[in-house]
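Undergrad:
Numbering (UniProt numbering), first residue to last: 1 to 976.
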């Protein structure tokens, strides 16, 4: 039976290609979702033939063995408005479909649109349980909202519990009834906090699982392993064997001579298809022109993921970028994910896996650090630096061009990976800053995330390099990462320094630092470094150059139980022996005494770092300290590929949280709560290696980052709130914005006039001091009489605005005579009145001039900014930034995080200003921008903050159609 809309036969709309999306499914595989078209008749028939009779019965409520020609026509002909069908595909074939038909409102003519639609699903039995229906529901709901459908109705047989669960677990507001032997469900499609939380939890589980499948494969094929030693493929094969990989290994090379049975003792084949056994991961090391053939071979034989080492892609120019796009499309069409191309490889040190599918010749020590880099060269440097300083890794990924798997995917994996306590990222670009900030904040709440970003002055990788990225100012990136709890460092050396401390030591409870050692000068350098980093160092304890290792142990033990300090810096230089000779080579003895002091100290633990100068063997001995969570001894390597059993499905821990239930209120479920409640003294491995640094500045900088992160963690456990204000007129503001934009909205937007801007801001409790135009001396006098003396006379011409140094502002004019004199001087000096556009304002109490801004960044959303007006913000860039909506804690930090903040708090005896009023202003601006995304820019300048109250003297408001919020849409992988 046709719906009313089908009977009306409305004309078809253009194919909506923006509905196409690649998604990651529950098990980590991928599928493509796209609209069904008239060309899909054969695919639909083939799909339906593979569905079981039971599933067909659940879909149609009756035996329905085959589709008639009429059915095929109905299910493939859509107008993309009232009738829409989407299919999930793998390898171009349907694995699931969903369809909605708009229900015409009762009493309306058949041609009138309604806001409710019937929805129905069908999933191939072999793909049920993979989360396909849940993904399709997200996408069909987004399509429906775009077509002004607000509710779905679904009729489901009571026995079809799987489909009922899909609807009930989606998180939408719903009603349920039982009618004529079936369950009738009504879903309100407006996103809710719970539906968004469910969607993000599913996203996390799916993307984490997709990375886990790459890092813990049961079998690996190296495609392009050469017949003679050397070369990229043969090197990777050798590295796999040397690492003791526990799964099955195969060599693939189409140029192998007939009868070649093995390479390096590994079974060798001319194609993946010839292997005859399942292959989970393929490492592709063939020239770029041969990669499509290799990918097709992998896809057709069920390979789950690819590590593409081959170069010649986006890094090589326009032709390479197109080749890269096609690589991603091809791999995803088979449900495979890609690391690379132009990758350095991946490593997993877990004892049950021991995978080194990379060009790194040495397998890192097992440890608690997860490391991601975009650059292979930087990856080599970081691996070497961490190894040299005794830091072990849980896993390592060097993604090269980052065409598919990115830092965001690794954050999803490491968030609840039990093998990883610290996350280190080297990024040259941030492809999806809004998502990265969200994931980094969630991960940082349970484990440290340290980031160094290259190309910071250009905002991204060099033009034409790698993949499309978003350019964001360096200062904004830094501020937003800090807000998300990310530890932002400037160099790879600092990345290693911070990672070493965080992986081996507990978080400090505060900024009080004890300093002890046998060099007064080195102690003073450390003291100065602490002050520079904003720490609170205690007076250094000088043990003198004659101090023995036992003296160090006693002093360290005393500092660790002293309630006056939160962390300890030990400084050491070669000491003077009994015969007066300098002892420089007994670092091992000192390391043993220091470890003994730490081990014998009762909890709570404090971090300890060591600064050493010419102490032979000390750093090496400290890095050899035994971790509290030692990695199991690796098993004796079997002969890969020759019948050695691979790990079972339980060998590699699956780092995926449970499906969110009605009790799950946020991504990560209960785990986030338990982790946030964990002792601050043990955020990572804890009690492991004592990090050693060759310079006091490096040690203190790493310690300062740990102090700031610990403070953020404590605050994150008690997040701020977005306050409510009773005097806000949200509806009136919405009506004014709609009128101002008009029906024919210009994409460039419109800047409101002074009166309209003041009216809009007043609806949110923000009063802008009126400025009356003064095109002549007489009009200036009239304005002053209206406002009351004393007044200010100022120009508003764009080239003079905010330039008091040019004499365009005259203050404290107490009489008509003073006003006329100032007007004459202004026009004689700067130009005619029509050029100056002078205005008259009432004087306000003296205070500190500040500026408040908000702007929509297409990459990260609305950003709230604050600074002092004038040179501080314009010349020095002393501005602080926070994402909208800002909490009361964010507002307080905005005011206090600029370098010139002391001017607001009574610097050099001046009166402190009314910072609570300033914070309220920031929160009201945040609410306005958050409630109305059409407000794309606001500037309040100057905002004069006095000891009591504040005055907004100038305001600019710009309206425009808001950029799309991609983070609120259905799950999807970045598209090419």
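Don't be surprised by glycine CBs; every beta carbon is placed ideally from N, CA and C. All figures in this text were calculated on a predicted structure; none of them were measured in a lab.
Report the CB separation of residue 533 from residue 699 in whole angstroms; it is logged as a contact under 8 Å.
TA: With 8 Å as the limit, residue 533 and residue 699 do not qualify as a contact, their Cβ atoms being about 10 Å apart.
Undergrad: What first and last residue would you give for the alpha helix (DSSP H) that runs through residue 123?
TA: Run containing residue 123: none in the alpha helix (DSSP H); it sits in the beta strand (DSSP E), 116-123.
Undergrad: Between the alpha carbons of residue 633 and residue 349, how many angstroms are there, rounded?
TA: Confidence at residue 633 is low in this model, with a pLDDT of 36, below 50, so its placement is unreliable and the value that follows should be read with caution. Rounded to whole angstroms, residue 633 to residue 349 spans 11 Å at the Cα level.
Undergrad: Taking the DSSP output, what are the residues bridged to residue 693?
TA: In DSSP, residue 693 forms a bridge with 611.
Undergrad: For residue 862, name the three-state secondary structure that DSSP assigns.
TA: DSSP places residue 862 in strand when its eight states are reduced to three.
Undergrad: Would the segment 154-171 and the segment 110-130 be scored as touching if the rule is three or more Cβ pairs under 8 Å?
TA: Touching, per the Cβ criterion.
Undergrad: Using three-state DSSP, classify residue 250 as helix, strand or coil.
TA: Three-state result, residue 250: strand.
Undergrad: In terms of residues, what are the limits of the alpha helix (DSSP H) holding residue 826?
TA: Start and end: 816-830.
Undergrad: Is DSSP giving residue 349 helix, strand or coil here?
TA: Three-state DSSP puts residue 349 in coil, outside helix and strand.
Undergrad: Alpha carbon to alpha carbon, how far is residue 671 from residue 418?
TA: Only weak support is given to the placement of residue 671: the predicted model assigns it a pLDDT of 35, under 50, and the question is left unresolved by the model.
Undergrad: Between the C-alpha atoms of residue 298 and residue 314, what's the straight-line distance to the nearest angstrom?
TA: Between residue 298 and residue 314, the C-alpha separation is close to 22 Å.
Undergrad: Return the CA-CA distance between residue 420 and residue 710, expressed in angstroms with no decimal places.
TA: Answer to the nearest angstrom: the Cα atoms are 18 Å apart.
Undergrad: Would you call residue 499 buried or exposed, if buried means 16 or more other Cβ atoms sit within 10 Å of its Cβ?
TA: Buried, by the Cβ-count rule.
Undergrad: At 4 residues or longer, and completely inside the segment 157-238: list those alpha helix (DSSP H) runs for me, N to C.
TA: Within the segment 157-238, the complete alpha helix (DSSP H) runs of at least 4 residues are 161-168 and 193-215.
Undergrad: Applying the criterion that 16 or more other CB atoms from any shown protein chain within 10 Å of the CB defines a buried residue, is residue 871 buried or exposed?
TA: Burial call: exposed.
Undergrad: Which of the three DSSP states, helix, strand or coil, is assigned to residue 447?
TA: Three-state DSSP puts residue 447 in coil, outside helix and strand.
Undergrad: If we ignore side chains and look at the alpha-carbon of each, how far apart do residue 857 and residue 23 end up?
TA: Those two C-alpha atoms are separated by around 26 Å.
Undergrad: Where does residue 438 sit, in a helix, a strand or coil, going by DSSP?
TA: Reduced to three states, the DSSP call for residue 438 is helix.
Undergrad: Is the beta carbon of residue 503 less than 7 Å from the beta carbon of residue 713?
TA: Going by C-beta atoms, residue 503 is not nearer than 7 Å to residue 713.
Undergrad: Which same chain residues end up closer than 7 Å to residue 258 when comparing Cβ atoms and leaving out the 5 residues on each side of it in sequence?
TA: Hits under 7 Å: none found.
Undergrad: Counting C-beta neighbours from all protein chains within 10 Å, is the total for residue 300 16 or more, i.e. buried, or is it exposed?
TA: Per the 10 Å Cβ criterion, exposed.
Undergrad: If you run the structure through DSSP and keep just helix, strand and coil, what is residue 426?
TA: Residue 426: strand per DSSP, three-state reduction.
Undergrad: Whose C-alpha, out of 785, 586, 16 and 947, is nearest the C-alpha of residue 912?
TA: Nearest option by C-alpha distance: 947.
Undergrad: Compute the distance between the beta-carbons of residue 760 and residue 610, then report whether it is under 7 Å.
TA: Against a cut-off of 7 Å, the Cβ pair of residue 610 and residue 760 comes out as no contact.
Undergrad: Using beta-carbon positions only, say whether residue 1002 and residue 171 come within less than 7 Å of one another.
TA: Residue 1002 lies beyond the stretch modelled for the chain, which goes from 1 to 976, so this question has no answer here.
Undergrad: Would you mind sorting residue 203 into buried or exposed? The rule is 16 or more other CB atoms within 10 Å of its CB.
TA: Under this definition residue 203 is a buried residue.
Undergrad: Compute the distance between the beta-carbons of residue 363 and residue 243, then report whether it is under 7 Å.
TA: Going by C-beta atoms, residue 363 is nearer than 7 Å to residue 243.
Undergrad: Can we say the segment 261-280 touches the segment 388-395, given the rule of at least three CB pairs closer than 8 Å?
TA: Because the criterion of three Cβ pairs below 8 Å is not met, the segment 261-280 and the segment 388-395 do not touch.
Undergrad: So residue 706 and residue 501 are supposed to be a Cβ contact under 8 Å. How far apart are they, rounded?
TA: 6 Å between Cβ atoms; contact.
Undergrad: Quick one, are the C-beta atoms of residue 758 and residue 750 less than 7 Å apart?
TA: It is not a contact, given that the beta carbons lie outside the stated cut-off.
Undergrad: Going by CA-CA distance only, name the one from 445, 496, 509 and 515 that's closest to residue 481.
TA: For the residues 445, 496, 509 and 515, the minimum Cα distance to residue 481 belongs to 445.
Undergrad: Does DSSP put residue 947 in a helix, a strand or coil?
TA: Three-state result, residue 947: coil.
Undergrad: At what residues does the alpha helix (DSSP H) containing residue 844 begin and finish?
TA: Taken as a continuous stretch (DSSP letters only), residue 844 belongs to no alpha helix (DSSP H), as it is neither H nor E.
Undergrad: Once the 5 residues before and after residue 56 are set aside, which same chain residues still bring their CB inside 6 Å of it?
TA: Excluding sequence neighbours, residue 56 sits near 64.
Undergrad: Quick one: what's got a C-beta closer than 8 Å to residue 49's C-beta in the same chain, skipping five residues either side?
TA: These residues qualify, in order along the chain: 66.
Undergrad: Distance, Cα to Cα, residue 729 vs residue 740?
TA: Rounded to the nearest angstrom, the two C-alpha atoms are 17 Å apart.
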